[in-house]
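Chains as they are written, first to last, in this note's numbering: chain X, 1 to 366; chain U, 1001 to 1127.
Structure, rendered in structure tokens:
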């Protein structure tokens, strides 16, 4: 896997010999896009922040809280140097005053390893400043503006956008926020070792060999799952909790576009394999509970709507829903998708909508 | 950072310590409370001796998390999301160890690849 490459200061050394603008140009040329799911061009993001005057900040989003996703953890555990070196290159490129690594509380056992790597780099490059900030168990803090609030010591409630963090971020200063996998690609680009087609996949669920795998985008789904050795006949895959539920199609190509056609979001490629022994409605119930628990409470559709959805799911597990109740379930799911304030709410009913469309018989048998 | 330190020291955030923190930092107590209650890593009350969490995200459910809950309920004579004074049993969210599902936690310590046999041994140690 390319994220296992040892960079040994090569990336930062060559970056420091280049102007910040030249580094940004090189990142833009590499066509690197965000690996957290949004796929925004990384070089462009850096350029926007860099164009603003005054103090700037750089944040690595290591708040990997999406169920079924653990590929950032793989990098943090096995090759933190690659991440730290990428962060320093980022700080150099956008002329950031300070870099932060915002890591979820549940990854606390990895912090010492990361801090050791930070210390090693800061000893050699004392002109930089890096701080590790620990989250406190809030999924919404993976949202880029919620991270800003959390680092400022406040509840992680998402901010209105625009302004985007590249203009007004931490302490209202221009701030770049990138995912762990994205930043780990930076030294590889500087060392000319970067393959833009490869992506990390987290595979879990009903498989014999769950874990992190690397594949090129566009590979067939069956080829991804074969590596993980599915147990039993596959019924569906969940793309985390928020990406939706895809009826298993072995021939589908794993790309943003082909998944989007099925109204499923590829996101950060966390695949949870579900076999025919499982009830999708039971899984859906707990996904809905997840979103109720993790809603920040700011907007009504997400905060209240998912509670009403859970009531109907619970009811469906006891008796067959009436036609009106089905319609209400569908209406609520669409309303939450369209009207929620941030991505958490908007994506909280993706799996429900997929199941209503592709697996309506599950409701009758629940 | 201050809240993390208090949580680590006391196992919860004692009201008196939060009042002291408010005075020291000049941050209104309401803001500190609002922050503390927003994040699920912080507790505002002293916790029972054993807090048991079972992850109920899709990978853990697909690997038998619900059977673990049933077993704990029966063995400890307790209901999910309830405490009997000594034990508190909770459904908890993804810990990022889906490759080792199903996952439980006891007093925040993570136990992986759980099954009834392993769980039975762990619960015996929590008597």
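Where is the CB? At the ideal position from N, CA and C, for every residue including glycine. No experiment lies behind these values; they were computed from the predicted model shown.
Distance, residue j Cα to residue i Cα
| i | j | result |
| --- | --- | --- |
| residue 1015 (chain U) | residue 155 (chain X) | 19 angstroms |
| residue 109 (chain X) | residue 80 (chain X) | 13 angstroms |
| residue 1053 (chain U) | residue 268 (chain X) | 26 angstroms |
| residue 280 (chain X) | residue 362 (chain X) | 7 angstroms |
| residue 164 (chain X) | residue 48 (chain X) | 10 angstroms |
| residue 1008 (chain U) | residue 1025 (chain U) | 19 angstroms |
| residue 83 (chain X) | residue 107 (chain X) | 15 angstroms |
| residue 245 (chain X) | residue 90 (chain X) | 35 angstroms |
| residue 1120 (chain U) | residue 1055 (chain U) | 17 angstroms |
| residue 66 (chain X) | residue 342 (chain X) | 15 angstroms |
| residue 111 (chain X) | residue 1036 (chain U) | 22 angstroms |
| residue 93 (chain X) | residue 130 (chain X) | 15 angstroms |
| residue 1100 (chain U) | residue 38 (chain X) | 27 angstroms |
| residue 191 (chain X) | residue 43 (chain X) | 16 angstroms |
| residue 193 (chain X) | residue 4 (chain X) | 11 angstroms |
| residue 1090 (chain U) | residue 1022 (chain U) | 31 angstroms |
| residue 124 (chain X) | residue 1 (chain X) | 27 angstroms |
| residue 69 (chain X) | residue 1062 (chain U) | 15 angstroms |
| residue 347 (chain X) | residue 139 (chain X) | 13 angstroms |
| residue 241 (chain X) | residue 17 (chain X) | 43 angstroms |
| residue 1066 (chain U) | residue 144 (chain X) | 33 angstroms |
| residue 150 (chain X) | residue 300 (chain X) | 22 angstroms |
| residue 1069 (chain U) | residue 100 (chain X) | 38 angstroms |
| residue 248 (chain X) | residue 10 (chain X) | 43 angstroms |
| residue 1005 (chain U) | residue 292 (chain X) | 28 angstroms |
| residue 127 (chain X) | residue 20 (chain X) | 15 angstroms |
| residue 7 (chain X) | residue 306 (chain X) | 46 angstroms |
| residue 250 (chain X) | residue 290 (chain X) | 28 angstroms |
Same chain, Cβ closer than 6 angstroms to residue i, five either side skipped, listed in chain order
| i | result |
| --- | --- |
| residue 1057 (chain U) | 1094 |
| residue 266 (chain X) | 256 and 259 |
| residue 1098 (chain U) | 1059 |
| residue 371 (chain X) | The displayed coordinates of chain X run from 1 to 366. Any statement about residue 371 (chain X) would go beyond what the structure contains. |
| residue 1092 (chain U) | 1053 and 1055 |
| residue 389 (chain X) | No statement about residue 389 (chain X) is possible, as the shown extent of chain X runs from 1 to 366 and does not include it. |
| residue 368 (chain X) | Residue 368 (chain X) cannot be examined here, being either before or after the span of chain X that is shown, 1 to 366. |
| residue 15 (chain X) | 23, 89, 92 and 190 |
| residue 104 (chain X) | 63, 65 and 135 |
Sequence-distant residues of its chain with Cβ nearer than 7 angstroms to residue i (five each side left out)
| i | result |
| --- | --- |
| residue 1047 (chain U) | 1011, 1012 and 1088 |
| residue 320 (chain X) | 364 |
| residue 330 (chain X) | 356 |
| residue 195 (chain X) | 2 |
Proximity of residue i and residue j at Cβ, strictly below 7 angstroms
| i | j | result |
| --- | --- | --- |
| residue 351 (chain X) | residue 287 (chain X) | yes |
| residue 75 (chain X) | residue 102 (chain X) | no |
| residue 1112 (chain U) | residue 1103 (chain U) | yes |
| residue 58 (chain X) | residue 96 (chain X) | yes |
| residue 284 (chain X) | residue 308 (chain X) | no |
| residue 87 (chain X) | residue 60 (chain X) | yes |
| residue 254 (chain X) | residue 221 (chain X) | yes |
| residue 63 (chain X) | residue 181 (chain X) | no |
| residue 24 (chain X) | residue 85 (chain X) | no |
| residue 270 (chain X) | residue 1040 (chain U) | no |
| residue 1075 (chain U) | residue 1122 (chain U) | no |
| residue 1003 (chain U) | residue 1042 (chain U) | yes |
| residue 368 (chain X) | residue 312 (chain X) | Absent from the model: residue 368 (chain X). The displayed extent of chain X is 1 to 366, so no value can be given. |
| residue 264 (chain X) | residue 239 (chain X) | yes |
| residue 345 (chain X) | residue 302 (chain X) | yes |
Close Cβ partners of residue i (< 8 angstroms) along its chain, the five nearest in sequence each way excluded
| i | result |
| --- | --- |
| residue 1050 (chain U) | 1086, 1087, 1088, 1106, 1107 and 1126 |
| residue 45 (chain X) | 34, 166, 176 and 178 |
| residue 113 (chain X) | 76, 77 and 80 |
| residue 152 (chain X) | 170 and 171 |
| residue 208 (chain X) | 228, 229, 230 and 231 |
| residue 1071 (chain U) | 1116, 1119 and 1120 |
| residue 1045 (chain U) | 1012 |
Open item on the list: Tell me whether the stretch 142-160 of chain X and the stretch 295-302 of chain X touch, counting them as touching only if at least three CB pairs, one residue from each stretch, are closer than 8 angstroms.
Closed with: In short, these stretches touch, since the Cβ pair count reaches three.
Task: Short-range partners of chain U found in the stretch 144-161 of chain X, where Cβ spacing is below 9 angstroms - done: Residues of the stretch 144-161 of chain X whose Cβ lies closer than 9 angstroms to any Cβ of chain U, in chain order: 150, 153, 154, 155, 156 and 157.
- [ ] Count the CB pairs spanning the stretch 113-128 of chain X and the stretch 30-40 of chain X that are closer than 8 angstroms, and state whether there are at least three.
- [x] The way I'd put it, the stretch 113-128 of chain X doesn't touch the stretch 30-40 of chain X; fewer than three beta-carbon pairs between them come closer than 8 angstroms.
TODO: Mind the definition here: the stretch 16-32 of chain X touches the stretch 184-200 of chain X only if three or more C-beta pairs lie below 8 angstroms; say whether that holds.
DONE: Yes, they touch.
Open item on the list: If the cut-off is 7 angstroms on Cβ atoms, which residues from the stretch 1029-1049 of chain U count as contacting chain X, listed in chain order?
Closed with: Per Cβ criterion, the list reads 1034, 1035, 1038, 1039, 1040, 1041 and 1042.
TODO: Determine, using beta-carbon pairs with one atom in the stretch 1073-1092 of chain U and one in the stretch 51-69 of chain X, whether at least three such pairs fall under 8 angstroms.
DONE: Contact between the stretch 1073-1092 of chain U and the stretch 51-69 of chain X is absent: fewer than 3 CB-CB pairs across the two stretches fall below 8 angstroms.
TODO: Evaluate the contact criterion for the stretch 1030-1041 of chain U versus the stretch 164-176 of chain X: three or more CB pairs, one atom per stretch, below 8 angstroms.
DONE: No, they do not touch.
- [ ] Pair every Cβ in the stretch 221-235 of chain X with every Cβ in the stretch 329-338 of chain X, then say whether three or more of these pairs are closer than 8 angstroms.
- [x] Touching, no.
Open item on the list: Whether or not the stretch 214-223 of chain X and the stretch 196-206 of chain X are in contact is what I'm after, with contact meaning three or more pairs of Cβ atoms, one per stretch, closer than 8 angstroms; do they touch?
Closed with: A contact exists between the stretch 196-206 of chain X and the stretch 214-223 of chain X.
TODO: Note down, in chain order, all residues in the stretch 208-224 of chain X with a beta-carbon under 7 angstroms from any beta-carbon belonging to chain U.
DONE: For the stretch 208-224 of chain X, the set of positions with a beta-carbon nearer than 7 angstroms to some beta-carbon of chain U reads 210 and 211 in chain order.
TODO: Pull out every residue of the stretch 1008-1024 of chain U whose Cβ sits closer than 7 angstroms to any Cβ of chain X, in chain order.
DONE: Within the stretch 1008-1024 of chain U, no residue qualifies.
Open item on the list: So if I threshold CB-CB distances at 8 angstroms, which residues from the stretch 275-303 of chain X count as touching chain U?
Closed with: Among the residues of the stretch 275-303 of chain X, those with a Cβ less than 8 angstroms away from any Cβ of chain U are 275, 278, 282, 283, 286, 287, 289, 290, 293, 294 and 296, in the order of the chain.
Open item on the list: Any C-beta of chain U within less than 8 angstroms: which residues of the stretch 58-72 of chain X qualify?
Closed with: Of all residues in the stretch 58-72 of chain X, the ones placed with a Cβ closer than 8 angstroms to any Cβ belonging to chain U are 64, 65, 66, 67, 68, 69 and 70, in chain order.
Open item on the list: Can you pull out the residues from the stretch 7-27 of chain X whose beta carbon lies closer than 7 angstroms to at least one beta carbon of chain U?
Closed with: If the cut-off is 7 angstroms between Cβ atoms, the stretch 7-27 of chain X has nothing near chain U.
Open item on the list: Along the stretch 1057-1080 of chain U, where does the CB come closer than 7 angstroms to a CB of chain X? Name the residues.
Closed with: Those residues of the stretch 1057-1080 of chain U that come within reach of chain X (Cβ to Cβ, closer than 7 angstroms) are 1057, 1058, 1059, 1061 and 1062.
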